[in-house]
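In full-length UniProt numbering, the protein residues as written are 1 to 113.
By construction, the Cβ of each residue, glycine as well, lies at the ideal position given by its N, Cα and C atoms.
Structure first, then comments.
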Amino acid sequence: MPVSIEQHVEWITECIAHMRRNKLTTIEATPEAQDAWGAHVAEVVNATLMTSANSWYMGANIDGKAHRFLPYLGPEGVGGYRRKCAEVAEKDYEGFAFSSHGQGWTAHPIAAE
């Protein structure tokens, strides 16, 4: 299973910096973006045998949990995933909704530097 923790930390750090620069306090993936990404991940994994395994990858270790594959196994590997993440950031975090304190879903201000 590919591991991308360093890339995740860097992406989130840059996203938080973007939010601070723009005085934004909340971020949430749009329902449309969540659905599109989930469909893409499912399309990719359905071409493998991973979905036939009754493993924690599919959520089988938790009673009542929907069996869904969450890791990304795209044909371009980790490099393709990283490019997609960079593309989202370059397009002003396309697929994410931002708001400022009092204008969105939560009111958890970002701590000052």
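Less than 8 Å between the beta carbons of residue i and residue j, yes or no?
i: Y93; j: H40; result: no
i: A33; j: G95; result: yes
In angstroms with no decimal places, state the Cα-to-Cα distance between residue i and residue j.
i: H101; j: R20; result: 12 Å
i: L73; j: T25; result: 32 Å
i: P31; j: A89; result: 18 Å
i: G64; j: A86; result: 35 Å
i: K23; j: A42; result: 35 Å
i: H8; j: I62; result: 25 Å
i: S99; j: G80; result: 29 Å
i: residue 115; j: V3; result: This structure gives no information on residue 115, because the portion of the chain shown stretches from 1 to 113.
Pull up the CB-CB distance for residue i and residue j, whole angstroms please, since I reckon it's below 8 Å.
i: E28; j: A97; result: 5 Å
i: T51; j: M58; result: 7 Å
With DSSP as the reference, identify every bridge partner of residue i, one or two as the case may be.
i: S99; result: T26
Pick out whichever of the options has its Cα sitting closest to the Cα of residue i.
i: P71; options: N61, S99 and V44; result: V44
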